[in-house]
Structure formats: C-alpha cells, structure tokens
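Worksheet: the structure to be examined is printed underneath.
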Amino acid sequence: MLKGRHLIEPRDFSLEELDQIFSLSEEIIKDQQAYLDVCKGKLLASLFYEPSTRTRFSFEAAMLRLGGQVIGFSEANSSSVSKGESIGDTIKTVGCYADIAVMRHPKEGAPLLASKKSYIPVINAGDGGHQHPTQTLTDLLTIKILKKDLSNHTIGLCGDLKFGRTVHSLVKAMKRYLNINFVFISPEELQIPDYIKDELEENQYYETASLDEVIDKLDILYMTRVQKERFFNEEDYLRLKDSYILTNDKLSAAKEDLIIMHPLPRVNEISVEVDEDPRAVYFQQAKFGMFVRMALIMKLLGVDKNA
Amino acid sequence: MLKGRHLIEPRDFSLEELDQIFSLSEEIIKDQQAYLDVCKGKLLASLFYEPSTRTRFSFEAAMLRLGGQVIGFSEANSSSVSKGESIGDTIKTVGCYADIAVMRHPKEGAPLLASKKSYIPVINAGDGGHQHPTQTLTDLLTIKILKKDLSNHTIGLCGDLKFGRTVHSLVKAMKRYLNINFVFISPEELQIPDYIKDELEENQYYETASLDEVIDKLDILYMTRVQKERFFNEEDYLRLKDSYILTNDKLSAAKEDLIIMHPLPRVNEISVEVDEDPRAVYFQQAKFGMFVRMALIMKLLGVDKNA
Amino acid sequence: MLKGRHLIEPRDFSLEELDQIFSLSEEIIKDQQAYLDVCKGKLLASLFYEPSTRTRFSFEAAMLRLGGQVIGFSEANSSSVSKGESIGDTIKTVGCYADIAVMRHPKEGAPLLASKKSYIPVINAGDGGHQHPTQTLTDLLTIKILKKDLSNHTIGLCGDLKFGRTVHSLVKAMKRYLNINFVFISPEELQIPDYIKDELEENQYYETASLDEVIDKLDILYMTRVQKERFFNEEDYLRLKDSYILTNDKLSAAKEDLIIMHPLPRVNEISVEVDEDPRAVYFQQAKFGMFVRMALIMKLLGVDKNA
Chain X
1 MLKGRHLIEP
11 RDFSLEELDQ
21 IFSLSEEIIK
31 DQQAYLDVCK
41 GKLLASLFYE
51 PSTRTRFSFE
61 AAMLRLGGQV
71 IGFSEANSSS
81 VSKGESIGDT
91 IKTVGCYADI
101 AVMRHPKEGA
111 PLLASKKSYI
121 PVINAGDGGH
131 QHPTQTLTDL
141 LTIKILKKDL
151 SNHTIGLCGD
161 LKFGRTVHSL
171 VKAMKRYLNI
181 NFVFISPEEL
191 QIPDYIKDEL
201 EENQYYETAS
211 LDEVIDKLDI
221 LYMTRVQKER
231 FFNEEDYLRL
241 KDSYILTNDK
251 LSAAKEDLII
261 MHPLPRVNEI
271 SVEVDEDPRA
281 VYFQQAKFGM
291 FVRMALIMKL
301 LGVDKNA
Chain A
308 MLKGRHLIEP
318 RDFSLEELDQ
328 IFSLSEEIIK
338 DQQAYLDVCK
348 GKLLASLFYE
358 PSTRTRFSFE
368 AAMLRLGGQV
378 IGFSEANSSS
388 VSKGESIGDT
398 IKTVGCYADI
408 AVMRHPKEGA
418 PLLASKKSYI
428 PVINAGDGGH
438 QHPTQTLTDL
448 LTIKILKKDL
458 SNHTIGLCGD
468 LKFGRTVHSL
478 VKAMKRYLNI
488 NFVFISPEEL
498 QIPDYIKDEL
508 EENQYYETAS
518 LDEVIDKLDI
528 LYMTRVQKER
538 FFNEEDYLRL
548 KDSYILTNDK
558 LSAAKEDLII
568 MHPLPRVNEI
578 SVEVDEDPRA
588 VYFQQAKFGM
598 FVRMALIMKL
608 LGVDKNA
Chain B
615 MLKGRHLIEP
625 RDFSLEELDQ
635 IFSLSEEIIK
645 DQQAYLDVCK
655 GKLLASLFYE
665 PSTRTRFSFE
675 AAMLRLGGQV
685 IGFSEANSSS
695 VSKGESIGDT
705 IKTVGCYADI
715 AVMRHPKEGA
725 PLLASKKSYI
735 PVINAGDGGH
745 QHPTQTLTDL
755 LTIKILKKDL
765 SNHTIGLCGD
775 LKFGRTVHSL
785 VKAMKRYLNI
795 NFVFISPEEL
805 QIPDYIKDEL
815 EENQYYETAS
825 LDEVIDKLDI
835 LYMTRVQKER
845 FFNEEDYLRL
855 KDSYILTNDK
865 LSAAKEDLII
875 MHPLPRVNEI
885 SVEVDEDPRA
895 VYFQQAKFGM
905 FVRMALIMKL
915 LGVDKNA
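Residue numbers (the working numbering), protein chains in the order written: chain X, 1 to 307; chain A, 308 to 614; chain B, 615 to 921.
What follows is the structure, given as structure tokens:
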C-alpha cells in the first residue's frame, strides 16, 4: 500500500511497489485524457530550497496534468522561508495547506527529517549530493518501456562515476533485477567509489577508461555530465570534461537496439549530431520522468481513475 | 454587503460582517467538496512585495481550493514590478488581469493607497509593522471554533507585546466582544504600548512579568515570537528571546480547556514537547487561517455555493 | 493555419492571420464564459529570463482564463535554468512537459533560436530591445476595437522614438494597412531612426518636436516612456524625460474621438489627471492585451470553443 507513504530514497519501495508505479505510468501514457481530473481538489507543495528548474517543472507539470494544483517556491532565501523556523515546523504548516509535498534541499537528510514530522507524504526531489529517487524511477521506467524489461541487460555508465549521484542510485536500483552487467567507463580520477562496487558480485561489473573498447557490447549507455562544481581545480575540469564525448563516429560500432540515456542537462558530453540518431532517447526519458511522477503522486495520494 | 469591498485593517468589517465570514468558514470546513468550483474562472493576484511564504501559501491554497487560479510574485525586485510606476498604476493594471488582489508590502499604508485606485477588491496581507488583518480573522475564527464563543474569556498574551502587530490587532478585535479580560505577560522592555491600553477599561487588563503567576487563570494563551529584526542590539535580543518559553512543566498549572495559540513561525518560545499536548492548537490555527481566507475571498468576490 | 506556428516577430503573421486572431479576441470579449475550459489539460511554460511582471501576468492570466495551466520562472539566475545547457536543449526539455512556451530573454534572437529547436509553439515575449510582438498585437486590437478599423488614421507617436521598440514595431505593423499617416513627435535626440522612415513613403509621415503643433490633427496618440536605462548620462535623462508630458491642458485642442494609448508602465509622461478623460484608453489597452493573448494561445494550440 503506497498511500500516505514518503519517498526519500530509491529503495524505500519494494520491487513490487515499483512495478505498480511503472504499470500506472504506462496506463497514463496510453490514455492521458482519462487522468485529467483524478487530482482535482488536491494541492502539491513544491518546496525548492535550491533551484532546479527541470525537476520542479517535471513535478509541477505532473500534478497539473492530473487536475491538481500547486503552491510553492523555487528558491529559498533566508527571509522568505523560515525566520529561524525548524524544518519540522515548516512541513507541519505546509501540511495544513497542501496534500502532498515535494522537497529539494541543499542539505543531505533534510527531506528525511521533514518526512518524520509531516502530516502529508513527502517526496525527496534531491538532497545535496545524496539522493534523487525520482530520477532513478525515471531511469527505470525508461528502460522498462524502451527495452521491454528491467532484467537481462549490459549497462554502460560513462563520465563522472565518482560524484554522480544519479549513477550511484541507478546502479543500486538495477542490481535488484536479474542478470544485469555493469560497465563503468570513466577516467581514473572519476572512477566509481568502492562502496558501490562492494555491493556487486565480482563478475557483475567491468571497469575501463575507454568507451571505444566496450561500446559494441552495451544494451544501454548512460552518459553523465562532468559537473564543474565538483572540481576544486579549473585545470582538471577542463582536461576531463571533454574526455568522454559521444559522437556519431563512436556510435557506429554500437548495437542497433542500444538506447542512449542522460539525466540532462547535457553540456557537451553528447554531440548534438547524436540527437538525430533514433538510439538517443534522453528527451523521451525526460518525458517519461513526468509520467512516472504522475503515477507516483497518484499512488501516494491514493487517488484512482475510477475513484 | 461584503462584495467588492477591501480589507485593509481588521476593523474595516462590522461584527455582523465578521460573523458572516466565520459562518461561511465553518460551512466550508464541514463540506469542502461543495466548494471545489465556486471560484472557477476567477483569478487572484498574489502581490508579495516582501517575502512571506506562510501567508502567501495560505492565500494561494485558499483560492486554489475554491477552484480559482493565481498569478503573482513572491518578492519584488526593483526591475520586475515597477520601473518607476506608481502603486496606483500597478493595481489598475493588475485589475485588468485579475478579479481580486492580495498585497503584502514593506511600507505602511501601501495596500490602503492601492485600494483607493483599484478596480478590484484588495486584501492587505501585511504592511510593515502595521496591519495584518487576515491573521486577526484567523485568530478570531480559531477562538470561535475551539472555545465555541468569542465572548467571556480571559486571554493571556505573552512575549513581545511592544512590537507585535499581531497582538495589537487581536486586542483591538477582541475588545469588541463581551466580557473579555486581557493579561499582558512580557518583560518590561517589551510591554504593550500605552495607546493600546488606553482603548481598554482599567479593570479589563492586568500586566505582569511572570507567566507562572497567571497561567492558571487563562482560557486562551497567545504566545508570540521575539523577532530579532526588532532589536537594535544583539545582546538585548539574546537575553530577552528566552525569557518566556512555554514548557510542559509550566503548563501543568494551566486549565484543562486552555487553548495555546501562536501566529507562527515559532523559534523556541514554545518547547517542541508542548506540541503533543491537546491544548496546543497552533497548527490547527494555521489550517483555520486557510479556511477563513477561503470565506473572505468568496465574500469579497460575491460568489456562492449555489451561484 | 496558425496551429503549431511560432510568433517571433510581428510580421510572422499575414494580415489575414492577424484578422483571425482579432476576430477570435472579439468573440472572447463578448462571451468569456464560453472559453473557460477550452485549454483544459494544456500547459503553458512561462520562461522569463528577465523579469517583466506585467507581460508575464498578461500571458499567465490569458492561459488560466482559458482553463489551461502554467509552469514557469520569472527570473533566471544562472544556477536555476541551465548549468551550461544550450537554449535548444532547454526548449526541447520544456517541450516534454508543456504544450506551448512564452519566452522573454535579454538576448536578441534567443526566442528565434529556441523556436528552431522546439517541439512546441514558442511566443516571443520580448528579446532585448528587439521585438515584442504581442505588444504590437495588443496595440492593433485596441485600435481595431476602439476606432472600428485599422485603416484610415493619423497616428501620433510621442516620446522616445529612437530606442522605443514598441513604436518601431507598431509603425511597421500599421503601414501594412491603408491610408495611415504617421506623426513623429520627439526631441531631436530621440528621433525615429532612418531605417524605419526608409520603409515609409515620403508623404506618409511628418516629424516635429512640438506636440502642441499637431495634437488637433491626430486620431490616435501613442505616448511612450523615456526609459532611464537608455541613457548614458543622468543630465540628458532629466532634461528630456519631462519634455513631452501630456496634460488636460494640452488635450483641450485634441479631437473628441482621439484615443490616447500607452504600452505601460508610465512614469510621468501622462499626467494622472488625464486618466479620467474618456479618451485615455491605456488601461483598456492592457486588458485587450490579455484577450489578444488568449486568442493567440488558442490559435497556436489549435483549440476551439466547440472542440
């Protein structure tokens, strides 16, 4: 039963609960008109303590497309939100006005803390470098729909595997499915942390610094951005950011049914020419992100098409 | 007739008009579903020239829960609102787009000025340290619902009584009802101003520096925050902010049917342990604030459940 | 066919297409109730990379009054929108969530660039000093409704004719109609540029520095603000900003059926006393701006009252 629950980290939900969310997502995609009013009279509080336009848009569009409404802020300056108030008091007050809350916060653990005091479901929309569970739901739904199944894939993850929270979450989420092989593609400085690898079987992953070496073996290629803000040093950033740029040329060796994913925004790690390739699915992925959030909101509110 | 009127200060409405608003609030609380569409096609302009997330959320939630819609800003920077425009021109232009406006402004008198030029009803959502009439409506509704009546109470007001606009308005509003006794509890530096006391009968109030002395006599205890921004001097603030902290221990002497109110946000003047006490009603109070704003908006727009 | 098209500059639409938009605007004005739900289930992305409260309100009110919904931002700070993302990627992502986008941008050409990559219609809501086509639509609709016809007028344009993008667009738009005479009224420093005059017949316009000289000949007087931000020099600004202030006294010589227009906001170029004169139509003009945007959104989305 998902009604009334919170989503703070990806593994808060069982595989079966995830399946319910994905099934509902697919039903919504098939017949959006049927869901135009399911959240009528419901209010989402969109609490973005740090700006993230893309994630905010995705959540707000999700709620509005279900016939619900939105209150919120897109950036917290000290004067507006708290005047020294605790996050527990804030979420309790928000719970007087809204039926469900989405929270993005620069501090790790803030959404968890809020959920413990909250009268209403809280969804973590990213807390520092920590968790971003609806990105993981988005990634899983994309794979489920476009590859028909969440099991039996070889997934390449390429770019910044050290700091990339999206990648860490996806690895943890995908290893719950059957027969998944991971290929970690990164420069030495940005390799995936040991604590992630420690959760995998030894023969379940392969590490390399060369995309060319492995591209023909992949079913899924998950590209990530090398974020400037992760570097202490301009020089290192400039040298590494261009290391793993996907081009049509590189793609010529890849499988015909490869899918190329990216959490967006991209800077230059995927050449614009690749956008025309039917294997490039990152904008579809963004759209699936909205649909999976629609399903998530419905489940946590416990509303239904025929209710 | 409230249709088309403005609400700039609490005493703009007669006791009878307040009663109409409170009655409608109670009807809405009983059957929210019946009001889901009463403001369909109506637009609220939410004009927050200074940030106040809590008040803004309350108004916007109120309008959206009536089926209306909202346009607005949550913080005015010089470039966005005016380019040198007068407040009269601004409200006239807003009146071309919206059906009703809520205005929060750092300058005393700005909402009054706007209302004089406006084509549409203007609600003052706080102007400097001056007025905040919908907080007063919230307080009155809370007392009316939880104490069954607005007459015949002993009300303790505790904390910053010198600068607290909320307290001043509540005293002025409550003294219109029968048999109300006020107990002013504050350190000497933060005593209630003479001009407020001058409006009361001499035997209608009692001043003390000790909460313990009077807590057993109170029907209502209204706690307030000691706001840092009111002090010139860090030292004075630090010394006084902790003077009047409500704890379970202090409460052991209080009446069983006491209600503890607070306009929120709280800093530390009510210990978190008190939240569990059934006499603590400040989060209910926040919720009543949304309902009274729903009723207010309906009355000023002249819309009705059966219209 | 306007469905799916973009509006980047005023002349993107033929005279016939403009006529369709104006006709629909007039129908909406006659019976707003009939349009309350025509955009139900549709989402407008309101992308204001620089603040413009008035224009944003007008678009958002337009969409909401059609039963549609809005996501957006009102000011882009570097962290929120892009993290280095191209405008093409941004508009493609927005197109995953929304059905139509409005873009205000400080850089000339940004909306055009966006439209070339977009999956959804893009409306330019102002790009630098360049274009602001919906202001021009507003001006044309105002003239069409209040003067019954877009042909056969003598139009005076007064104030800053050098930098005023609104004026340049209006001149270009009006010269497509029959028998239009332009009177350019400005100090020497702020005269209309040659490249605008070069598009007119020599006997189609007259230049003067004196409003008094020509006011009795005008059917339409379009006043503009002298914007401080256009000047390098405080002294020049102070001297010139008061040069052309419209007063009741000046107006005594004008025709009885003159209409006085202004794109707003006004500073002091029209004296407040003039607001009471029935010939002052600038606030009506603002309202027409909302209606013409309602019609525009409907046409670009291809929705209809009976659809």
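Even glycine gets a Cβ: it sits at the ideal position worked out from N, Cα and C.
Against chain B, the CB of residue 290/X has a partner CB under 7 Å away; the residue lies at that interface. Our two residues, residue 270/X and residue 235/X, have alpha carbons roughly 21 Å apart in a direct line. When rounded, the separation of the alpha-carbon atoms in residue 877/B and residue 795/B is 20 Å. Taking a beta-carbon distance threshold of 7 Å, residue 391/A counts as an interface residue toward chain B. Interface annotation, residue 349/A: not in contact with chain X, CB-CB separation never under 7 Å. For residue 119/X, no alpha helix (DSSP H) run applies, since DSSP gives it neither H nor E. Taking C-alpha positions only, residue 841/B is separated from residue 401/A by approximately 22 Å. Within chain B, 657, 659, 683, 685, 710, 711 and 712 have C-beta atoms less than 9 Å from the C-beta of residue 61/X, given in sequence order. Per the Cβ contact rule, the region 772-780 of chain B is in contact with the region 799-814 of chain B (3 or more Cβ pairs under 8 Å).
Contact residues of the region 871-884 of chain B toward chain A are 878, 879, 880 and 881 (C-beta to C-beta distance below 8 Å). Where residue 352/A is concerned, the enclosing beta strand (DSSP E) starts and stops at 350-355. Judged by beta-carbon spacing, residue 888/B lies beyond the 7 Å limit of residue 391/A, meaning their Cβ atoms are not closer than that value. Our two residues, residue 283/X and residue 140/X, have alpha carbons roughly 15 Å apart in a direct line. Ranked by how close their Cα comes to the Cα of residue 168/X, the residues 64/X, 257/X and 129/X have 129/X in first place. For residue 443/A, the closest Cβ of chain B is not nearer than 7 Å.
Along the length of the region 411-455 of chain A, whole alpha helix (DSSP H) runs at least 4 residues long occupy 417-424 and 440-453, reported in chain order. Rounded to the nearest angstrom, the Cβ distance from residue 54/X to residue 48/X is 11 Å, too far for a contact under 8 Å. Identification of chain X residues near residue 470/A by a Cβ-Cβ cut-off of 8 Å yields none; the smallest Cβ-Cβ distance measures about 14 Å. Inclusion of residue 70/X and residue 101/X in the CB contact set at 7 Å is not warranted, their separation being larger than that value. Assigned with DSSP and collapsed to three states, residue 912/B falls in helix.
The alpha-carbon separation between residue 473/A and residue 314/A amounts to approximately 16 Å. By the C-beta criterion, the region 641-652 of chain B is judged not to be in contact with the region 761-772 of chain B, since fewer than 3 inter-stretch pairs fall below 8 Å. Within the region 200-287 of chain X, the runs of beta strand (DSSP E) at least 3 residues long that lie entirely inside it are, in chain order, 205-208, 220-223 and 259-261. Inter-residue distance for residue 785/B and residue 852/B is about 27 Å (C-alpha atoms, whole angstroms). Distance from the Cα of residue 555/A is smallest, within the candidate group 566/A, 368/A, 579/A and 485/A, for 579/A.
Judged by their CB atoms, residue 588/A and residue 566/A are nearer to each other than the 7 Å cut-off. Looking from the CA of residue 43/X, the closest CA among 34/X, 61/X and 26/X belongs to 61/X. Under the criterion of beta carbons closer than 8 Å, residue 88/X and residue 107/X do not qualify as touching, at roughly 14 Å. If you ignore the 5 residues before and after residue 819/B, its C-beta comes within less than 8 Å of the C-beta of 795, 796, 797, 798 and 811, all in its own chain and listed in chain order. Note: residue 794/B is bridge-paired with 767/B in the DSSP secondary-structure output. In the three-state scheme derived from DSSP, where H, G and I count as helix and E and B as strand, residue 39/X is classed as coil. When secondary structure is reduced to three states using DSSP, residue 7/X falls in the strand class. Per DSSP, reduced to three states, the secondary structure at residue 380/A is strand. With contacts defined by Cβ atoms closer than 7 Å, residue 111/X and residue 127/X form a contacting pair.
Using a Cβ-Cβ cut-off of 7 Å, residue 287/X is close to 710 of chain B, given in chain order. In this structure, residue 312/A sits away from residue 547/A, with a CB-CB distance that is not shorter than 7 Å.
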